[in-house]
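Written out below as structure tokens is the structure these notes cover.
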């Protein structure tokens, strides 16, 4: 459904008149910029070098980082969840969980050990929010991972609720090693290419860098405010 | 709360600031720590000047083509099902938003921190319309709970408050029973606000950067409140100053990088959220209805004029964090929600010289603000330009300056008067002189000597000394 636009013409005419020219409705191109410092950051770094950058950055953003491979992933994930005090766990509904061999952990082992697991299901409507709100751990998957800043990038979808990363007390991001890029520059470019190739950008794209925090009280850093209090990145070697 | 804060005049405000020793200590500490963090975050890039130049060229290109990019933005927001309202004035923006609230029969609004909604007094408008408005940024929440105490910094709004004061406010207003530890205070706010997000009808946010090419906009935060404000209520309204946009995601990321490093010394903040339209058809969270309100409110008058570059601002507060005047007088002294050097340039433009003619003088013109600005706004030059306009066009120079200039003009125009003036000065000032200092000066000197001494005029004039020296110094 198309939205509405109100009061536009007078508003934009005023701008054009302030700028001392007629209205510009077409023909403006983004110029070839004189400066491009962003391309130089971590230029040419190998995936392993980027991992090292990511590790160092995680220390600064109060985030644990665990390296694992697809064989050991279930054990690693289980450990991180029990370190966080167990369930309830809420996760996206995503084929990659079973592709990575997590079905038996998430669908059998945890429930039989009294760790409640809820998988996002858009057909259940508001129940998803209730489950995320009471969850202790939220688990999502990073589509792009930014080494410089220690950031995971998430795209919302009907079975990938936005609040899985925000409402639970703690947060785990699964990071395929192949998703690591130098910085937000590469992610922005990829988003733009996606848009140009005709696919619609997700209605919500989250760039998440560690747990929530605030320095609003006397500039004292408090980790854990409205979003998660703790965060762990699990990097899966898929290269 | 409008852009203007308080009813005291400039001198009273500055007097209050100067005498608030906790606030001055807090501001000095904050400037020191934020200054170091900013410096580290910018220096580690190795080519910060290149980044600043890129930020500047992006912002200038957008301002020169603002009508084009706003049209593109509005088309793309509508394509994704969002509603766009262009508001030339604060009243138009408020009326539109009130209309949405009425149509939704909304009783409760949750808000993420937004300067432009403060500028247009949106909260007061909504409260008059019978709505409960809850600020969710921790700093803003503290101020709201404390009977709407005004913000004193654009990034850290409650900077002027200490933790004991916050504890007492929470105890009095919220029945809080724990200690003044920031962790416990923040946790209490978290628990109180959780229920508010879940029960609010409408979420309202500002906008860091809109993206014309896709009709998106980004929010840059650390607390996670903006994400809950935009995920849980069924209706979302985003209010943006009309200049806050970029052509594409590629320019957005550059400005976000400049913003987070300059504002808080972080490579990126915890949450950069890019939203496009309302939620998709089968999504469970995110708003069903999305409104974007684009606000002019005086900005188009700045465009095309000698102050245009102030619209390059990305609200990082780096200039505030280095300003020696802000350090001593604090944010409330500016009498505007926009404080520090950027506030001293912007407030007279948006709020008029009648209200803010003193602010361009609240500067030493040292240029530290200009040096740190990530988008290269020549702030101290703009302050100087304001002074020129105030004196030459507005005729609003401070009275003491007017008198002094008039007297100097008269005296310096005639050699005889000049001679006489410089001769009688020591005698005229004699009653006020102790040793070679004046501690209690008369008239225009009083403001100076209230806080420090003024050197007495020398008994021997330079001209006499020089003449005497020519003669070989025999006369003395």
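Chains as they are written, first to last, in the numbering used here: chain P, 1 to 239; chain Y, 1001 to 1476.
Idealized CB from N, CA, C, for every residue including glycine.
| query | Should residue 1269 of chain Y and residue 1260 of chain Y be called a contact, given that it needs their Cβ atoms to be closer than 8 Å? | reply | Cβ distance < 8 Å, so residue 1269 of chain Y and residue 1260 of chain Y count as in contact.
| field | Whole runs of the beta strand (DSSP E) within the segment 135-192 of chain P, excluding any shorter than 3 residues | value | The segment 135-192 of chain P contains these whole beta strand (DSSP E) runs: 137-141, 144-146, 151-155, 170-176.
| Enumerated in chain order, which unbroken segments of the alpha helix (DSSP H) with a length of 4 residues or greater are wholly contained in the segment 1244-1275 of chain Y? | Fully enclosed alpha helix (DSSP H) runs of 4 or longer: 1249-1264.
| query | With 16 other CB atoms within 10 Å as the buried threshold, where does residue 36 of chain P fall? | reply | Around the beta carbon of residue 36 of chain P, a 10 Å sphere encloses fewer than 16 other beta carbons of the protein chains shown; the residue is thus reported as exposed.
| said: How far does the beta strand (DSSP E) with residue 1236 of chain Y in it extend, from its first residue to its last? | reply: Residue range 1235-1241 is occupied by the beta strand (DSSP E) that includes residue 1236 of chain Y.
| Going along chain Y in order, which residues have a C-beta closer than 8 Å to the C-beta of residue 128 of chain P? | By Cβ distance, chain Y contributes 1284, 1285.
| query | Would a check of beta-carbon distances place residue 984 of chain Y closer than 8 Å to chain P? | reply | No information on residue 984 of chain Y is available, as it lies outside the stretch 1001 to 1476 that chain Y covers here.
| Anyone know if the C-beta pair for residue 177 of chain P and residue 239 of chain P falls short of 8 Å? | Closer than 8 Å, so yes.
| field | N-terminal and C-terminal residue of the beta strand (DSSP E) that residue 118 of chain P is part of | value | Where residue 118 of chain P is concerned, the enclosing beta strand (DSSP E) stretches over 117-119.
| task | Rounded to whole angstroms, what's the CA-CA distance from residue 1001 of chain Y to residue 1358 of chain Y? Just pull it up for me. | result | Note that residue 1001 of chain Y scores a pLDDT of 46, beneath 50, so its modelled location is shaky; the value from the coordinates is reported in the next line. Looking at the two C-alpha atoms, the distance is approximately 21 Å.
| Euclidean distance between Cα positions of residue 1371 of chain Y and residue 1378 of chain Y | Taking the straight line joining both Cα atoms gives about 8 Å.
| field | Nearest-angstrom Cβ-Cβ length linking residue 247 of chain P and residue 202 of chain P, presumed shorter than 8 Å | value | Nothing can be reported for residue 247 of chain P, as the shown portion of chain P is limited to 1 through 239.
| message | When you compare the CB of residue 1118 of chain Y with every CB in chain P, is at least one pair closer than 8 Å? | response | The C-beta of residue 1118 of chain Y comes no closer than 8 Å to any C-beta of chain P.
| request: Figure out for me which residue from P:23, P:217, P:48, P:204 has the closest Cα to the Cα of residue 1029 of chain Y. | output: Put simply, of P:23, P:217, P:48, P:204 the residue whose alpha carbon is nearest the alpha carbon of residue 1029 of chain Y is P:217.
| task | Note down, in chain order, every chain P residue with its Cβ under 7 Å from the Cβ of residue 1248 of chain Y. | result | Those within 7 Å of residue 1248 of chain Y in chain P are 30, 192.
| Sequence-distant residues of its chain with Cβ nearer than 7 Å to residue 1272 of chain Y (five each side left out) | Within the same chain, and ignoring the five residues on either side of residue 1272 of chain Y in sequence, the residues whose Cβ sits closer than 7 Å to its Cβ are 1218, 1220, 1256.
| message | I believe residue 1081 of chain Y touches residue 3 of chain P by the beta-carbon criterion, under 8 Å. Please report the beta-carbon distance rounded to the nearest angstrom. | response | That pair is a contact at about 5 Å.
| query | Just to confirm, are residue 1222 of chain Y and residue 1034 of chain Y a CB contact at a threshold of 8 Å? | reply | Not closer than 8 Å, so no.
| For residue 1203 of chain Y, which beta-bridge partners are listed by DSSP? | Paired residue(s): Y:1110, Y:1236.
| With distances taken from CA atoms, which of Y:1283, Y:1038, Y:1250, Y:1369 is nearest residue 1234 of chain Y? | For residue 1234 of chain Y, the closest C-alpha among the options Y:1283, Y:1038, Y:1250, Y:1369 is that of Y:1283.
| query | Taking the Cβ atom as the reference point for each residue, do residue 1205 of chain Y and residue 1229 of chain Y lie within a distance shorter than 8 Å? | reply | Going by C-beta atoms, residue 1205 of chain Y is nearer than 8 Å to residue 1229 of chain Y.
| If contact means a Cβ-Cβ distance below 9 Å, which residues of the segment 1255-1272 of chain Y contact chain P? | In summary, the residues of the segment 1255-1272 of chain Y whose CB is separated from some CB of chain P by less than 9 Å are 1256, 1257, 1260, 1264, 1266, 1267, 1268, 1269, 1270, 1271, 1272, in the order they occur in the chain.
| request: Would you identify the three-state DSSP class for residue 84 of chain P, choosing helix, strand or coil? | output: DSSP places residue 84 of chain P in coil when its eight states are reduced to three.
| message | Measuring straight from C-alpha to C-alpha, what distance separates residue 1446 of chain Y and residue 1317 of chain Y? | response | Those two C-alpha atoms are separated by around 34 Å.
| Under 8 Å, do residue 73 of chain P and residue 183 of chain P count as touching if we go by C-beta distance? | No Cβ-Cβ contact shorter than 8 Å links residue 73 of chain P with residue 183 of chain P.
| To the nearest angstrom, how far is it from the Cα of residue 1185 of chain Y to the Cα of residue 1192 of chain Y? | Straight-line measurement puts the Cα of residue 1192 of chain Y at about 11 Å from the Cα of residue 1185 of chain Y.
| Does any C-beta atom of chain P lie closer than 8 Å to the C-beta of residue 1136 of chain Y? | Taking Cβ atoms only, chain P reaches closer than 8 Å to residue 1136 of chain Y, which makes this a yes.
| query | Can you name the residues that DSSP bridges to residue 1216 of chain Y? | reply | Answer is Y:1211, Y:1276, bridged to residue 1216 of chain Y.
| Does the beta-carbon of residue 127 of chain P have 16 or more other beta-carbons within 10 angstroms, so that it is buried, or is it exposed? | An exposed status is given to residue 127 of chain P, since fewer than 16 other beta-carbon atoms sit within 10 Å of its beta-carbon.
| request: Note down, in chain order, each residue of its chain lying with its Cβ closer than 7 Å to the Cβ of residue 105 of chain P, except the 5 sequence neighbours on either side. | output: Excluding residues up to 5 positions away in sequence, 74, 77, 78 lie with their Cβ nearer than 7 Å to the Cβ of residue 105 of chain P in the same chain.
| task | Provide the residue(s) that pair with residue 1283 of chain Y in DSSP beta bridges, ordered along the chain. | result | Note: residue 1283 of chain Y sits in no beta bridge, so no partner.
| said: Considering only heavy atoms of the ligand ADP, does any lie closer than 7 Å to the CB of residue 1132 of chain Y? | reply: For the structure depicted, the ligand ADP is absent and the ligand set is empty, with no information on it obtainable.
| Alpha-carbon to alpha-carbon, residue 1430 of chain Y and residue 1457 of chain Y | Near 9 Å, if we compare the C-alpha coordinates of residue 1430 of chain Y and residue 1457 of chain Y.
| field | CA-to-CA distance, residue 140 of chain P to residue 121 of chain P, given in whole angstroms | value | The alpha-carbon of residue 121 of chain P is positioned some 14 Å away from that of residue 140 of chain P.
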